[in-house]
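Numbering (the working numbering), first residue to last: 2 to 125.
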């Protein structure tokens, strides 16, 4: 078994899932450059800009777009730059993504992943 950091393991897991399921895609700030900590290194080249999407700096917009995309059958992976900023999108996470299934009588699902890096520098 290879010794991996959490960062490396997360990057490999995402790449494996993207190869397995074409509905999986990722969006967030600086993903086209490999992500803030390099966790997306090599993925933009392998999957292209349609599946590794750079976004503007708008956490609510990023998560809102992912919620809508998930409700339409894709499997977005949202990369929040840092967990501190995820609070800017708490309405989309709590009042939209988490409750959509019940608000629409079970007619929709919101299959998405939100990654929020916690701690930086040496612990990352």
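Where is the CB? At the ideal position from N, CA and C, for every residue including glycine.
For this session: May I have the straight-line CA-CA distance separating residue 1 from residue 18, to the nearest angstrom?
Result: Given that the chain is displayed from residue 2 to residue 125, the structure contains no residue 1 and the question cannot be resolved.
Exercise. What did DSSP end up calling residue 118 once you bin it into helix, strand or coil?
Worked result: Indexing the chain shown from 1 puts residue 118 at position 117. It is coil, neither helix nor strand.
For this session: Within the same chain, show all residues whose beta-carbon is closer than 8 Å to that of residue 125, passing over the 5 residues directly before and after it, in chain order.
Result: Here residue 125 refers to the residue found at position 124 of the chain shown. Interpretation of residue 125 is limited by its pLDDT of 49, a score under 50 that renders its predicted location unreliable; the figure taken from the coordinates is listed afterwards. 8, 38 and 118.
Exercise. What is the C-beta distance between residue 76 and residue 112, in whole angstroms, given that I count them as a contact (C-beta under 8 Å)?
Worked result: As a position in the chain shown, residue 76 is number 75, starting the count at 1. As a position in the chain shown, residue 112 is number 111, starting the count at 1. Confirmed, Cβ separation roughly 5 Å.
For this session: Please confirm if the region 10 to 30 is in contact with the region 66 to 86, defined as three or more CB-CB distances below 8 Å between the two stretches.
Result: yes
Problem set entry | Within the region 70 to 95, ranges of the beta strand (DSSP E) (whole runs, at least 3 residues) | 76 to 80
Problem set entry | the region 48 to 56 contacting the region 81 to 90, beta-carbon criterion three pairs below 8 Å | Output reads no: the region 81 to 90 does not touch the region 48 to 56.
Problem set entry | Whole-number beta carbon distance between residue 40 and residue 11, since they are thought to touch under 8 Å | Stepping through the chain shown from its first residue, residue 11 is reached at position 10. Stepping through the chain shown from its first residue, residue 40 is reached at position 39. Confirmed, Cβ separation roughly 6 Å.
Exercise. In whole angstroms, what separates the C-alpha of residue 35 from that of residue 29?
Worked result: For this step, residue 35 is matched to residue 34 along the chain shown. For this step, residue 29 is matched to residue 28 along the chain shown. Near 11 Å, if we compare the C-alpha coordinates of residue 29 and residue 35.
Problem set entry | C-alpha gap between residue 74 and residue 24, whole angstroms | Position 73 of the chain shown, counted from the first residue, corresponds to residue 74. Position 23 of the chain shown, counted from the first residue, corresponds to residue 24. Taking the straight line joining both Cα atoms gives about 7 Å.
Exercise. Which residues in the same chain as residue 116 place their Cβ atom closer than 6 Å to its Cβ, once the five residues preceding and following it in sequence are excluded?
Worked result: In the chain shown, residue 116 corresponds to position 115, counting from 1. Answer for residue 116: 80, listed in chain order.
Exercise. Where residue 5 and residue 14 are concerned, what is the direct C-alpha to C-alpha distance, given to the nearest angstrom?
Worked result: In the chain shown, residue 5 corresponds to position 4, counting from 1. In the chain shown, residue 14 corresponds to position 13, counting from 1. Straight through space, the alpha carbons of residue 14 and residue 5 are spaced by roughly 12 Å.
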